[in-house]
Amino acid sequence: MTTPKIQREYLFKDDPRQPEVHCSTIQAACGVEYVTWFGGTKEGTSDVKIWFSKCTNGCWTPPRVIAGSGDIVHWNPVSFLPDPKGAPGHLYVFYKTGTPIPTWKTYVIETIDGGNTWTEPRELVPGDHSGGRGPQKNPPIVLSNGDWLSGASKEVTLEGGKGLWDAFADIAPTPKEGDTFKQGERWVKAEFIKLPADRGVEGGSFPGEGIIQPSLWESADKPGHVHMMCRSSIGRIVRADSEDYGRTWTPGYATDLPNNNSGQCVTRLRDGRLVAAVNDVYKNWGPRTPLVLKVSFDDGETWSPWCTLEDQAPPASFQRVIALETGIVNDGKSEFSYPTVTPTAETDEIGVWVSYTWQRRGIAVCKVTDGE
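And the structure:
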């Protein structure tokens with residue numbers, strides 16, 4: 038395997054309008070790349086809004102706010118481009134609002150002109166009080182049957198402050214003849230991914246809170262066989278599998294992929310390879326560095342290193358990331374986190390676009406392709 042080619046740029050650094058930024062997603066179509074993220078004074082403060090930029094002909098537009106009024110905290114925007122070839126300017130952005138995290142609600146906005154204008158926000162599942170529906174961090178995927186499959190999760194805080202996290206699939210079915218809804222207006226929630234009964238029990242087989250923020254793919258040669266990889270509290274990515282387009286799932290099981298209880302993402306390339314972006318750390322609440330890409334040629338059964346995007350060591354004083362139900366407490370030093378990967382457009386060479394948090398001070402974007 039050749040050494041990959043990495044092209045890196047920064048949308049911005051140290052924007053005084055948004056001193057702390059995080060949780061970007063990137064989508065690509067027909068020579069245009071779209072990126073969203075949240076930014077404000079600090080994660081979890083009421084002035085945090087949803088921001089947007091797009092790249093055309095190699096030039097990024099100045100960051101601008103597309104959601105947020107300044108009186109309620111906004112979180113975790115997820116960009117989604119259902120039809121990159123047929124409708125390259127029709128982009129959805131899902132995001133969460135509210136605090137603390139267990140009270141989240143999901144809203145969605147959309148644009149049909151590549152981000153020039155946006156609809157008014159609407160609640161994704163009106164009246165839902167479960168802690169948020171639809172995609173939690175990573176973009177949905179369009180399945181071979183036309184359904185949209187998103188990786189969702191729920192975070193609960195128990196008495197005493199202990200967290201309880203569960204992941205599930207949320208499905209936007211393709212409307213059938215006679216249906217009166219358009220796709221994306223109706224969502225069907227699958228059951229939580231099962232974890233060991235001793236999850237969270239001291240000395241048990243599954244320490245910590247559980248699993249959240251799934252990323253997804255469908256097997257290239259097996260329609261309806263879909264898979265999720267989840268952030269976890271056990272130092273490894275946890276996987277689950279489905280053979281019925283995400284309606285039912287196996288119990289979660291640990292993989293060999295590292296996880297530091299931080300965001301990760303996987304995508305499938307046109308040639309069938311999978312690419313996963315992870316912090317290469319086998320430690321719960323471990324440092325959010327280094328940031329690497331791994332590649333799989335066998336549908337996620339085994340993984341090999343592809344490239345390193347960031348490898349700055351954490352500060353000598355680092356002990357662990359502090360997580361509260363009002364957000365992460367972190368100074369961002371040596372944090373390269375929450376990557377999103379998406380395939381390059383079909384008109385481009387095979388590879389991925391990656392966006393990620395750069396020390397909470399900016400958003401970095403990399404294009405990674407096979408080398409010569």
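Using our numbering, the letters of the sequence shown correspond one by one to residues 38 to 409. Cβ atoms here follow ideal geometry from the backbone N, Cα and C, with glycine treated the same way. Being a predicted model, the structure only gives us computed values, none of them experimental.
Under the three-state reduction of DSSP, Pro114 is assigned to strand. DSSP places Thr217 in no beta strand (DSSP E); its state is neither H nor E. Put simply, the stretch 135 to 149 does not touch the stretch 265 to 273. Fewer than three CB pairs are less than 8 Å apart. Residue environment analysis places His111 among the buried positions, since at least 16 neighbouring C-beta atoms fall within 10 angstroms of its C-beta.
With contacts defined as CB atoms closer than 9 Å, Thr82 and Pro139 fail to qualify as a contacting pair.
Nearest Cα to Leu346 within the set Trp340, Arg357, Asp317, Ser333: Asp317. In this structure, Ser90 sits away from Asn175, with a CB-CB distance that is not shorter than 9 Å.
Around the beta carbon of Pro376, 16 or more other beta carbons sit within 10 angstroms, so the residue counts as buried.
Less than 9 Å separates the beta-carbon of Leu118 from that of Tyr129. Collapsing the DSSP output to three states places Ile365 in a strand. Under the DSSP assignment, Ile149 falls outside any beta strand (DSSP E); it carries neither an H nor an E label. Inter-residue distance for Glu280 and Ser106 is about 42 Å (C-alpha atoms, whole angstroms). DSSP lists Tyr144 as the bridge partner or partners of Glu160.
The C-alpha of Met266 is placed about 18 Å away from the C-alpha of Lys226. Contact annotation, Trp224 with Arg170: C-beta distance approximately 6 Å; criterion of less than 8 Å satisfied. When Cβ pairs closer than 8 Å are counted between the two stretches, the stretch 328 to 340 is seen not to touch the stretch 354 to 366, the count staying below three.
In this structure Pro172 touches Ala189 by the C-beta definition: roughly 7 Å separates them, less than 8 Å. For a cut-off of 8 Å, the C-beta gap from Pro100 to Phe49 is around 6 Å, short enough to register as a contact. Residue pairing by DSSP places Ala189 opposite Phe205 in a beta bridge.
Under the three-state reduction of DSSP output, Ile249 falls in the strand class.
Secondary structure of Pro352 (DSSP, three-state): coil. Assigned with DSSP and collapsed to three states, Pro139 falls in helix. Judged by their CB atoms, Thr406 and Ile63 are not nearer to each other than the 9 Å cut-off. DSSP lists Val332 as the beta-bridge partner residues of Ser341. According to DSSP, Gln301 shares a beta bridge with no other residue.
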